[in-house]
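Here the structure comes first, spelled out in structure tokens, and everything after it is commentary.
Number of protein chains: 2
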Amino acid sequence: MPSHEKPESITVGWVGTGVMGAPMAAHLQKAGYPLRVYNRSRAKTEKLIAQGATGCDSPAEAAQGSNFVFSIVGFPADVREVYFGPAGILSTVRPGAILVDMTTSEPTLAVEIAQAAEDKQAMALDAPVSGGDVGAREARLCIMVGGPQEAFEATLPLFRLMGKTIQRFGGPGAGQHTKMVNQVFITGVMIGLCEGLVYGHRAGLPLEELIQTLSTGAANSWSLQNLAPRCLAGNFEPGFFVEHFIKDMGIALAEAKRMNLSLPGLALVHQMYLSLQAQGGGRKGTQALLLAIERLSGLEHFAELDKH
Amino acid sequence: MPSHEKPESITVGWVGTGVMGAPMAAHLQKAGYPLRVYNRSRAKTEKLIAQGATGCDSPAEAAQGSNFVFSIVGFPADVREVYFGPAGILSTVRPGAILVDMTTSEPTLAVEIAQAAEDKQAMALDAPVSGGDVGAREARLCIMVGGPQEAFEATLPLFRLMGKTIQRFGGPGAGQHTKMVNQVFITGVMIGLCEGLVYGHRAGLPLEELIQTLSTGAANSWSLQNLAPRCLAGNFEPGFFVEHFIKDMGIALAEAKRMNLSLPGLALVHQMYLSLQAQGGGRKGTQALLLAIERLSGLEHFAELDKH
Numbered sequence: 007m008p009s010h011e012k013p014e015s016i017t018v019g020w021v022g023t024g025v026m027g028a029p030m031a032a033h034l035q036k037a038g039y040p041l042r043v044y045n046r047s048r049a050k051t052e053k054l055i056a057q058g059a060t061g062c063d064s065p066a067e068a069a070q071g072s073n074f075v076f077s078i079v080g081f082p083a084d085v086r087e088v089y090f091g092p093a094g095i096l097s098t099v100r101p102g103a104i105l106v107d108m109t110t111s112e113p114t115l116a117v118e119i120a121q122a123a124e125d126k127q128a129m130a131l132d133a134p135v136s137g138g139d140v141g142a143r144e145a146r147l148c149i150m151v152g153g154p155q156e157a158f159e160a161t162l163p164l165f166r167l168m169g170k171t172i173q174r175f176g177g178p179g180a181g182q183h184t185k186m187v188n189q190v191f192i193t194g195v196m197i198g199l200c201e202g203l204v205y206g207h208r209a210g211l212p213l214e215e216l217i218q219t220l221s222t223g224a225a226n227s228w229s230l231q232n233l234a235p236r237c238l239a240g241n242f243e244p245g246f247f248v249e250h251f252i253k254d255m256g257i258a259l260a261e262a263k264r265m266n267l268s269l270p271g272l273a274l275v276h277q278m279y280l281s282l283q284a285q286g287g288g289r290k291g292t293q294a295l296l297l298a299i300e301r302l303s304g305l306e307h308f309a310e311l312d313k314h
Numbered sequence: 007m008p009s010h011e012k013p014e015s016i017t018v019g020w021v022g023t024g025v026m027g028a029p030m031a032a033h034l035q036k037a038g039y040p041l042r043v044y045n046r047s048r049a050k051t052e053k054l055i056a057q058g059a060t061g062c063d064s065p066a067e068a069a070q071g072s073n074f075v076f077s078i079v080g081f082p083a084d085v086r087e088v089y090f091g092p093a094g095i096l097s098t099v100r101p102g103a104i105l106v107d108m109t110t111s112e113p114t115l116a117v118e119i120a121q122a123a124e125d126k127q128a129m130a131l132d133a134p135v136s137g138g139d140v141g142a143r144e145a146r147l148c149i150m151v152g153g154p155q156e157a158f159e160a161t162l163p164l165f166r167l168m169g170k171t172i173q174r175f176g177g178p179g180a181g182q183h184t185k186m187v188n189q190v191f192i193t194g195v196m197i198g199l200c201e202g203l204v205y206g207h208r209a210g211l212p213l214e215e216l217i218q219t220l221s222t223g224a225a226n227s228w229s230l231q232n233l234a235p236r237c238l239a240g241n242f243e244p245g246f247f248v249e250h251f252i253k254d255m256g257i258a259l260a261e262a263k264r265m266n267l268s269l270p271g272l273a274l275v276h277q278m279y280l281s282l283q284a285q286g287g288g289r290k291g292t293q294a295l296l297l298a299i300e301r302l303s304g305l306e307h308f309a310e311l312d313k314h
């Protein structure tokens, strides 16, 4: 375990420096950890390199000699490539290293990576996050972890530089499963919220006062307080991209099927988001579900707001 | 307007002294308003009568000579009977009186009552509440009001004795519509919550820690914080009865149909609650949706907890 040593003597490989990964890696860099960074499009690593990180040409090179290797990329296929591909992390990982995938990805893939890491005398954690780009920048992420307790404890000092709520939920895959539960909770909140807003608008209610009043009671939710006001203002920017939410729901549905679970609400919301994406909404924020819901009834009130 | 007078000189008719109505009426009584009370089963008025209220044999008798008449009964059919029946409030209401229906009922019926009141030189408000029996006892209800501004202002001193958040949302029916939006918001939260808990249990996650962690982020809701822990403890007692929630969803669906709105999430959740009721869960609390959701997959984990 390298965690009791000084940051300066602990090398961290970092794969994926997008809107989430870049600020997360920067927190480690600022704390003194030498970084070896790789990103598919090199440009996104430049700022870290300018501040002292070593630029790498592959995940394998980033992992080379590193004590920790973090990854946060796009889709499960990207995760698979980054770990198992010909220039993947597992081709160079050193014994005793800890691999941490922070992508929201498949629980079963997390189990595969953990097994492959073990075969190399390394350990792996799955540690997806919530809190978005703002949470990443402000080091206030919620980090949901699966994997060996020993690896979790060793990584905690680094997690604490990136997140505020950090919890281990079990062995390999448990972090991903927890993130899936988080997303399933949100699917329900979102469809209720959007259907309620369409109903309320159609009934001629003053929606601003309605949101204020109803958020004091049993209908309250984070989304009611944070996303509903954006809808009223015609702000359907991400926040969290529709196409990423669709990815997450797809993973949850596949895992549910594997576990023999019937989840009709999740399936319905997934379909409604697919409809939104099919009509050009994939790069909007998740609150744009409202546009797909009103469109079911031939309405365009919120879509009109969106244009202004 | 009688509102600037002393409570002692303002007679209040009160129809419906059930688990909600009795404590609400008691707050007015305590503030000095003389009460004329009626309830279908007389026994539930006895405590108020012992403390000075006049017992009545019909809604008409409760309304006789009253400055305000409040009603809070069960179903829209009960509201119709209480107002329009042969011994109904509208048969005796005096000119200048204000009628306040606090039942969660049909917006269209609220409009009918308002029109009928106007024909008698009276005014009517629809003012359904949220906050449950605890909110009623502690005078912390949320009161959602529709009807004339003038009647709203005149009734405010009395509402303030029963509720904490009091807001008018428009003309007749607007209070009921707002309550419907509240319930639609909750339908979504509930199905997401229950599907997420079933997934989480099936995936072997520690649900108590999961609830604690996820309620710090974007998946947070009142239900996650208040109802999910009851589910884990096998506590499916009401709170809010499944059969009453089914009534409310039925009203919302009928109003949505009337307004030409397609609300597939609401329709699905309504069906799942009907399934729960069909299997004996009508008198449980709304969090018992969890039992119907796990049953879809042939699971009885939470049902087993319920037995203990």
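Line by line, the protein sequences give chains A and B. Taking our numbering, the leading residue of the first sequence gets 7, the next gets one more, and so forth. Taking our numbering, the leading residue of the second sequence gets 7, the next gets one more, and so forth. All residues carry an ideal CB built from backbone N, CA and C; glycine is no exception. Remember, predicted model here, so these are calculated numbers, not experimental data.
| Check | Outcome |
| --- | --- |
| State buried or exposed for A/N266, treating a residue as buried only when at least 16 other CB atoms are found within 10 Å of its CB. | exposed |
| At least one CB of chain B closer than 9 Å to the CB of A/M343: is that the case? | Residue 343 of chain A lies beyond the stretch modelled for chain A, which goes from 7 to 314, so this question has no answer here. |
| Using the three-state DSSP reduction, which class does B/Q121 fall into: helix, strand or coil? | helix |
| Compare the C-beta of B/H250 with all C-beta atoms of chain A and state if any pair is closer than 9 Å. | no |
| Across the region 212-221 of chain B and the region 238-249 of chain A, are there enough close Cβ pairs to call them in contact, namely three or more that are closer than 8 Å? | no |
| Fully enclosed by the region 121-156 of chain B, which beta strand (DSSP E) runs are 3 residues long or longer? | 129-132 and 147-151 |
| Taking Cβ to Cβ, would you say B/D132 is nearer than 9 Å to B/A116? | yes |
| Identify whether A/K50 lies in helix, strand or coil by the three-state DSSP scheme. | helix |
| Whole angstroms are fine: how far does the CA of A/M196 sit from the CA of B/F74? | 40 Å |
| Beta-carbon separation of A/V18 and A/P40 under 9 Å? | yes |
| Would you mind stating whether B/P244 and B/G291 have Cβ atoms separated by less than 9 Å? | yes |
| Under a three-way DSSP split, which group does A/K290 fall into? | coil |
| Nearest chain B C-beta to A/I384 closer than 9 Å, yes or no? | Residue 384 of chain A lies beyond the residue range present for chain A, which begins at 7 and ends at 314; the question has no answer from this structure. |
| Compare the beta carbon distance of A/T193 and A/G152 with 9 Å and say whether it is the shorter of the two. | no |
| If you drop the 5 nearest sequence neighbours on each side, which residues of the same chain put their C-beta closer than 6 Å to that of A/T60? | R42 |
| DSSP on B/Y89, reduced to helix/strand/coil? | helix |
| Could you confirm whether any beta carbon from chain B is found closer than 9 Å to the beta carbon of A/F308? | no |
| Taking a cut of 9 Å between CB atoms, which residues from the region 36-60 of chain A lie near chain B? | none |
| Going by other Cβ atoms of all chains shown within 10 Å of its Cβ, with 16 needed for buried, is A/D92 buried or exposed? | Per the sequence shown, residue 92 of chain A should be read as Pro rather than Asp. Exposed: under 16 other Cβ atoms inside 10 Å. |
| Looking at C-alpha atoms only, which residue of B/Q35, B/Q293 and B/A31 is the closest neighbour of B/P13? | B/Q35 |
| Quick one: give me the first and last residue of the alpha helix (DSSP H) that B/R174 is part of. | Segment G169 to R174 is the beta strand (DSSP E) holding B/R174; no alpha helix (DSSP H) there. |
| Quick check on A/L162 - is its C-beta less than 9 Å from some C-beta in chain B? | no |
| Thinking C-alpha only, which one of B/T110, B/C62 and B/A120 is nearest B/F90? | B/A120 |
| Can you name the start and end residues of the beta strand (DSSP E) that B/I104 belongs to? | I104 to D107 |
| Does DSSP classify A/F308 as helix, strand or coil? | helix |
| B/M265 touches chain A at which residues, Cβ-Cβ below 9 Å? | Y205, R208, A209 and S303 |
| Please report whether the beta-carbon of A/L230 lies at a distance below 9 Å from any beta-carbon of chain B. | yes |
| Alpha carbon to alpha carbon, how far is A/S111 from A/K253? | 9 Å |
| Apart from the five residues on each side of it in sequence, which residues of its chain come closer than 6 Å, Cβ to Cβ, to A/K313? | none |
| Along the beta strand (DSSP E) that carries A/G19, what are the first and last residues, could you check? | V18 to V21 |
| Buried or exposed: which applies to B/A22, given that a residue is buried once 16 or more other Cβ atoms fall within 10 Å of its Cβ? | Correcting the residue identity first, residue 22 of chain B is Gly in this sequence and not Ala. The residue in question, B/G22, is buried, as its Cβ has 16 or more Cβ neighbours within 10 Å. |
| Considering only C-alpha positions, which residue in the set B/L167, B/G206 and B/S47 is nearest to B/V147? | One detail in the question is off: residue 147 of chain B reads as Leu in this sequence, not Val. Closest by alpha carbon: B/L167. |
| Counting contacts by CB-CB distance shorter than 9 Å, is A/P154 in contact with chain B? | no |
| Look at the alpha carbon of A/W228 and the alpha carbon of A/Q182, and state the distance between them as a whole number of angstroms. | 21 Å |
| Can you name the residues of chain B whose CB is closer than 8 Å to the CB of A/R192? | Per the sequence presented here, residue 192 of chain A reads as Ile, with Arg not at that position. Ordered by position in chain B, the residues that pass the 8 Å Cβ test against A/I192 are G198, A224 and A225. |
| Within 9 Å of any Cβ in chain A, is that where the Cβ of B/I299 sits? | yes |
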